[in-house]
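Numbering (the UniProt record's numbering), first residue to last: 1 to 43.
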């Protein structure tokens, strides 16, 4: 996941957040064998 986001950061698609709020991010295996990045948006 670090490599994925580092590539996106270098391309200017994402940036590191300075917000005091955050949501955990993790990967879930797809039925097709690939990976999906998901965020746990909970209260």
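Backbone N, C-alpha and C fix where the C-beta goes; we use that ideal spot for every residue, glycine too.
Query, Result
"Beta-carbon separation of residue 23 and residue 41 under 8 Å?", "yes"
"Considering only C-alpha positions, which residue in the set 39, 18, 20, 19 is nearest to residue 28?", "39"
"In the DSSP assignment, the alpha helix (DSSP H) including residue 10 goes from what residue to what residue?", "2–10"
"Taking only the alpha-carbon atoms, compute the straight-line gap between residue 36 and residue 30 and give it to the nearest angstrom.", "6 Å"
"Could you check where the beta strand (DSSP E) with residue 37 kicks off and where it finishes?", "35–39"
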